[in-house]
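Report on the following structure.
Number of protein chains: 2
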Amino acid sequence: MRLSTHYEQFLQNNRNRHLEELKQFLSIPSISALSEHKPNMVQAAEWTAEALRQIGIENVQVIPTEGNPVVYGDWLKAEGKPTSLIYGHYDVQPVDPLHLWETPPFEPEIIENKIFARGASDNKGQMFIHIKALEALLASDGTLPVNVKLCFEGEEEIGSVHFDAFIKAHKERLAADVLVISDSVMYAKGKPAIIYGLRGLCGMQIDVKGPKGDLHSGLYGGAVQNPIHALVQILDSMRNKQGEITIDGFYDQVRNVSEEEREQFRSLQFNEEQMSQELQVTELFGEKDYSVLERTWVRPTLEINGIYGGFKGEGNKTVLPSEAHAKITCRLVPDQDPDDIVERIQRHIDRHTPPGAVVTTTRFDSGKPFVTPFDHPAIQAAGRAYRYAYGVEAVYIRSGGSIPIVETFATVLNIPVVMMGFGLNDENIHAPNEHFHLDNFDKGIITVCQYWFELEDSL
Amino acid sequence: MRLSTHYEQFLQNNRNRHLEELKQFLSIPSISALSEHKPNMVQAAEWTAEALRQIGIENVQVIPTEGNPVVYGDWLKAEGKPTSLIYGHYDVQPVDPLHLWETPPFEPEIIENKIFARGASDNKGQMFIHIKALEALLASDGTLPVNVKLCFEGEEEIGSVHFDAFIKAHKERLAADVLVISDSVMYAKGKPAIIYGLRGLCGMQIDVKGPKGDLHSGLYGGAVQNPIHALVQILDSMRNKQGEITIDGFYDQVRNVSEEEREQFRSLQFNEEQMSQELQVTELFGEKDYSVLERTWVRPTLEINGIYGGFKGEGNKTVLPSEAHAKITCRLVPDQDPDDIVERIQRHIDRHTPPGAVVTTTRFDSGKPFVTPFDHPAIQAAGRAYRYAYGVEAVYIRSGGSIPIVETFATVLNIPVVMMGFGLNDENIHAPNEHFHLDNFDKGIITVCQYWFELEDSL
Numbered sequence: 001m002r003l004s005t006h007y008e009q010f011l012q013n014n015r016n017r018h019l020e021e022l023k024q025f026l027s028i029p030s031i032s033a034l035s036e037h038k039p040n041m042v043q044a045a046e047w048t049a050e051a052l053r054q055i056g057i058e059n060v061q062v063i064p065t066e067g068n069p070v071v072y073g074d075w076l077k078a079e080g081k082p083t084s085l086i087y088g089h090y091d092v093q094p095v096d097p098l099h100l101w102e103t104p105p106f107e108p109e110i111i112e113n114k115i116f117a118r119g120a121s122d123n124k125g126q127m128f129i130h131i132k133a134l135e136a137l138l139a140s141d142g143t144l145p146v147n148v149k150l151c152f153e154g155e156e157e158i159g160s161v162h163f164d165a166f167i168k169a170h171k172e173r174l175a176a177d178v179l180v181i182s183d184s185v186m187y188a189k190g191k192p193a194i195i196y197g198l199r200g201l202c203g204m205q206i207d208v209k210g211p212k213g214d215l216h217s218g219l220y221g222g223a224v225q226n227p228i229h230a231l232v233q234i235l236d237s238m239r240n241k242q243g244e245i246t247i248d249g250f251y252d253q254v255r256n257v258s259e260e261e262r263e264q265f266r267s268l269q270f271n272e273e274q275m276s277q278e279l280q281v282t283e284l285f286g287e288k289d290y291s292v293l294e295r296t297w298v299r300p301t302l303e304i305n306g307i308y309g310g311f312k313g314e315g316n317k318t319v320l321p322s323e324a325h326a327k328i329t330c331r332l333v334p335d336q337d338p339d340d341i342v343e344r345i346q347r348h349i350d351r352h353t354p355p356g357a358v359v360t361t362t363r364f365d366s367g368k369p370f371v372t373p374f375d376h377p378a379i380q381a382a383g384r385a386y387r388y389a390y391g392v393e394a395v396y397i398r399s400g401g402s403i404p405i406v407e408t409f410a411t412v413l414n415i416p417v418v419m420m421g422f423g424l425n426d427e428n429i430h431a432p433n434e435h436f437h438l439d440n441f442d443k444g445i446i447t448v449c450q451y452w453f454e455l456e457d458s459l
Numbered sequence: 001m002r003l004s005t006h007y008e009q010f011l012q013n014n015r016n017r018h019l020e021e022l023k024q025f026l027s028i029p030s031i032s033a034l035s036e037h038k039p040n041m042v043q044a045a046e047w048t049a050e051a052l053r054q055i056g057i058e059n060v061q062v063i064p065t066e067g068n069p070v071v072y073g074d075w076l077k078a079e080g081k082p083t084s085l086i087y088g089h090y091d092v093q094p095v096d097p098l099h100l101w102e103t104p105p106f107e108p109e110i111i112e113n114k115i116f117a118r119g120a121s122d123n124k125g126q127m128f129i130h131i132k133a134l135e136a137l138l139a140s141d142g143t144l145p146v147n148v149k150l151c152f153e154g155e156e157e158i159g160s161v162h163f164d165a166f167i168k169a170h171k172e173r174l175a176a177d178v179l180v181i182s183d184s185v186m187y188a189k190g191k192p193a194i195i196y197g198l199r200g201l202c203g204m205q206i207d208v209k210g211p212k213g214d215l216h217s218g219l220y221g222g223a224v225q226n227p228i229h230a231l232v233q234i235l236d237s238m239r240n241k242q243g244e245i246t247i248d249g250f251y252d253q254v255r256n257v258s259e260e261e262r263e264q265f266r267s268l269q270f271n272e273e274q275m276s277q278e279l280q281v282t283e284l285f286g287e288k289d290y291s292v293l294e295r296t297w298v299r300p301t302l303e304i305n306g307i308y309g310g311f312k313g314e315g316n317k318t319v320l321p322s323e324a325h326a327k328i329t330c331r332l333v334p335d336q337d338p339d340d341i342v343e344r345i346q347r348h349i350d351r352h353t354p355p356g357a358v359v360t361t362t363r364f365d366s367g368k369p370f371v372t373p374f375d376h377p378a379i380q381a382a383g384r385a386y387r388y389a390y391g392v393e394a395v396y397i398r399s400g401g402s403i404p405i406v407e408t409f410a411t412v413l414n415i416p417v418v419m420m421g422f423g424l425n426d427e428n429i430h431a432p433n434e435h436f437h438l439d440n441f442d443k444g445i446i447t448v449c450q451y452w453f454e455l456e457d458s459l
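As given, the protein sequences belong to chains L and B, one line each in that order.
Oh and the first sequence: position 182 is 182 in the UniProt record's numbering, straight run, nothing missing.
Oh and the second sequence: position 24 is 24 in the UniProt record's numbering, straight run, nothing missing.
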């Protein structure tokens, strides 16, 4: 292992330019969930490819898929050294409710050393850290301590619809010794975290149809099933008052967490009271007998993400609506299988659909839950890199979020996955006023640079 | 009683002009529920006033209220004859979902002798019948067989917010021997109905607040109350699987219907199977032991009119939303009291609000249920007028709808109410593609003209 700080001067000298480039990247509205933004997906992919070419990455390609393109590039001149695959995503979440944004979501602005924009933290800002780290090393040394392959997709926020097939089809090209992903949050401000487990995801849209058209609630109310009532009845049957999911067999495959792991969670001394205050809720809520960390890391959930039907305008309209709709998703933990859970939900809906209503469902894309061993040398090297950049010990944790593609990577390429996040929990990802702390942007680049030196002789 | 058909020639000669005038009236988007349409409310009131002046009605005034103006006019030269008060409303329901309209809601079009536009049936078309009936008589005879007072409001679709106070404040001016309203439907095509009972109305908006902002369902799901789940739980607790309302004491004041009245309902031989087919529902739904007519005429309901919260766009967004909302209304029957019912719902919500959620409610305007004796001479006269115009016997029925103001009129003015409707059940009132059968527009004018002759010596 070598120590080197020469690239840090380069980073300081080029910081303003780097931030201007990041602003350019963030100003592309690459919302994968909305088909009207299709042209922006290509634009963001081309922008990323150009950013790789500019810093000396080779074999850069924008590779078409049946959905949004994948950006690939590599630098493989470190003979005899390990090869690292870097993954990220250039697509972002939708921005609604737009009126709650204090600055326009695609007009990035730096306020108090935080950059505000959709995608600032999830994932453009974190993805850009890796590009700028490689630039710093290549510009300073003309070489890298390890071989790198970079692979950025544009469909992470919609379940990596086509990326799964991409990985399988490009297995040889993507072959590596370790996968590095920065698409997660630190444990707390100033407290880096390496994540060794993620929850899986599955879900569906539920559409309830009643009468052929909206009806007058006075003339028909009481004699015709109201689709909103039917939907409410179906949804309410899925969860009890204690927050436990009542889908038959939902918890059957949930792996028990060892007392050792629960003890590790407790040692993090998570402040539930503080979280409650920050979120401005009267109290936290969830399965009793489980702490907040356990509820979000090792317990599965079923959440209604959206519901709509009937009149929603100002005032009142006495309508018995024709339709009602909801979107639900589950977060899954080992060893739950997304397909199995979705089928259980479907059977539950079939059994609980009340008379006079017809329900159709559309499945969302899913991802399996994932856990990786945390004593792997590639992960321990990450701990040392964080210590170098942040001056503190990193913690090894799980996350309640999902990166479904991680499970595919690990299975198809059969390599360890190192999740080195630089986001923070309160950066409003998936919500209005998303932002990214530039302090972690700066330290993140140093952490990643240092990681390649740490990794050089570790694998 | 005199018989007269001389005005019918006038009606034939002027039919095209009358329809052009109706189109003008219908093209004013006087949606009382949406504040952006405030100027259109004044526009519709002024249009109505001018229509009254044109036909020789006197003392025409557009009277400002704290809300939308009231249009008043009278003709009181039939000395010694009864005075009839005619009520209608120039405001209309909102038009969403707009994309389901086959012709623009405020660009009236006549297709197959039906006029399509928002308000065509409810209530502009029916209200216009009265104006044109008076025109026909005044133009043909230069006089009327009875005295008339006309009073049209602009807030019926939002609960007659300020009209209640208006009636009380103008008690003397509105004094009459009978109130005539055409704002209801016939029993079936070609089968006129005189309505002797209406359901009352009350309701509220329910707003559920959870965390201060939208949260990532992966990072927080399982540990924070989801406002949509909380709302679903509250709403589902209000109705059981059989469609019975489970609000404590909801049915306490419901007056039992006599076996004689139920027998009268049965004699109407209502075709439930046909209704089910027309609405394209798999089956009808409601309280067992009650027929469809009973469920909609003499049983109270609680309906969710709208629900919204979280993500409703294309695709999926894994959000744990900050807020969820619903609008509910109850149809009430004698002797339920709207204020009592709303308070019971409020207490129910208070008792059923789950932890981690804060609920606020906003009451909608309400109206009491109303029943009028159907052997009153003014009502029997209406039966004869219908027989004259339609050549069939009218039926005496109740309606599931609400005209809250009817109860106020009856209480404040202490007069019988004759509800002579010319709409049809399938004319999509409160829904896309509202329309009005011109056959009933034509026969409606003759019915009303004849009614004034029938009434002349009845009271």
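Even for Gly, the Cβ is constructed at its ideal location relative to N, Cα and C.
Note that the coordinates shown come from a computational prediction; the quantities given were computed from them, not determined experimentally.
Query raised in the report: L:N226 CB to nearest chain B CB: under 9 Å?
Result: yes
Query - Whole-angstrom distance between B:C330 and L:G309, CA atom to CA atom - result: Rounded to whole angstroms, the separation of the alpha carbons of B:C330 and L:G309 is 18 Å.
**Report entry** Element boundaries [alpha helix (DSSP H), containing L:T296]
**Finding:** Segment 292-297, the alpha helix (DSSP H) holding L:T296.
Requested in this report: Return the CA-CA distance between L:P404 and L:C151, expressed in angstroms with no decimal places.
Outcome: If you take the alpha carbons of L:P404 and L:C151, they lie about 16 Å apart.
Query - Which residues DSSP lists as bridging L:C151, in chain order - result: L:Y72, L:Y87
Query raised in the report: So which of B:E20, B:G315, B:F422 has the shortest CA-CA distance to L:D365?
Result: B:G315
Query raised in the report: Excluding sequence positions up to five away, which residues of its chain have a Cβ less than 7 Å from the Cβ of B:F25?
Result: W47, K124, F128
**Report entry** Neighbourhood of L:R2 by C-beta distance below 8 Å, restricted to the same chain and skipping five residues each side
**Finding:** Its pLDDT being 43, under 50, L:R2 is placed unreliably by the model, and nothing is read from it.
**Report entry** CB contact below 9 Å: B:G221 versus chain L
**Finding:** yes
Query raised in the report: Whose CA, out of B:I446, B:D442, B:A431, lies closest to the CA of L:G213?
Result: B:A431
Query raised in the report: Three or more C-beta pairs closer than 8 Å, one from the segment 155-165 of chain B and one from the segment 57-72 of chain B: is that the case here?
Result: yes
Query raised in the report: Is the shortest distance between the beta-carbon of B:A136 and the beta-carbons of chain L less than 9 Å?
Result: no
Requested in this report: Would you identify the three-state DSSP class for L:D207, choosing helix, strand or coil?
Outcome: The DSSP-derived three-state label of L:D207 is strand.
Query raised in the report: What in chain L is Cβ-close to B:E244, meaning under 9 Å?
Result: In chain order: nothing, as chain L lies at least about 10 Å away.
Query raised in the report: Among B:T301, B:D337, B:I181, B:A139, which residue has its Cα nearest to the Cα of B:K368?
Result: Among B:T301, B:D337, B:I181, B:A139, the Cα nearest to that of B:K368 belongs to B:D337.
Query - Interface positions of the segment 87-111 of chain L facing chain B (Cβ-Cβ less than 7 Å), listed along the chain - result: Q93, P94, D96
Query raised in the report: If you run the structure through DSSP and keep just helix, strand and coil, what is L:N240?
Result: Coil.
Query raised in the report: Going by the CB atoms, is the gap between B:I31 and B:H435 shorter than 9 Å?
Result: no
Query raised in the report: Taking 9 Å as the CB-CB limit, is B:T83 close to chain L?
Result: no
Query - For B:H6, three-class secondary structure by DSSP - result: Of the three classes helix, strand and coil, the one that applies to B:H6 here is helix, per DSSP.
Query raised in the report: Taking only beta-carbon atoms, is L:R351 less than 9 Å away from chain B?
Result: It does not; no Cβ of chain B falls within 9 Å.
**Report entry** Any C-beta of chain L under 9 Å from that of B:M186
**Finding:** no
Query raised in the report: From B:A188 to B:L424, what does the alpha carbon distance come to, in whole angstroms?
Result: 7 Å
Query - First through last residue of the alpha helix (DSSP H) which encompasses B:H435 - result: Premise fails: B:H435 lies in the beta strand (DSSP E), 435-437, not in any alpha helix (DSSP H).
Query - Length of the line joining the Cα atoms of L:D236 and B:V333 - result: Rounded to the nearest angstrom, the two C-alpha atoms are 29 Å apart.
Query raised in the report: Cα separation between L:I445 and L:R295?
Result: 32 Å
Report task. Determine the closest residue to L:K149 out of L:L438, L:I181, L:V298, with distance taken between C-alpha atoms. Result -> L:I181
**Report entry** Interface partners of B:E434 on chain L, CB under 7 Å
**Finding:** Within 7 Å Cβ-Cβ: nothing; B:E434 doesn't reach chain L, min ~10 Å.
Query raised in the report: Is the beta carbon of L:L85 sitting closer than 9 Å to the one on L:L459?
Result: no
Report task. Mark B:I111 as exposed unless 16 or more other C-beta atoms lie within 10 angstroms of its C-beta, in which case mark it buried. Result -> exposed
Report task. Answer yes or no: does any C-beta atom of chain L fall closer than 9 Å to that of B:M420? Result -> no
Query raised in the report: Taking all protein chains shown into account, do 16 or more other C-beta atoms lie within 10 angstroms of the C-beta of B:Y290, making it buried, or fewer, making it exposed?
Result: buried
Query - Closer than 9 Å to chain B by CB, L:N428 - result: yes
Query raised in the report: Mind listing which residues of the segment 259-282 of chain L have their C-beta closer than 7 Å to chain B's C-betas, in chain order?
Result: L279, Q280, V281, T282
Requested in this report: Examine chain B for any beta-carbon lying closer than 9 Å to the beta-carbon of L:V42, and answer yes or no.
Outcome: no
Query raised in the report: Would you report the Cα separation of L:E8 and L:Y87, rounded to the nearest angstrom?
Result: 24 Å
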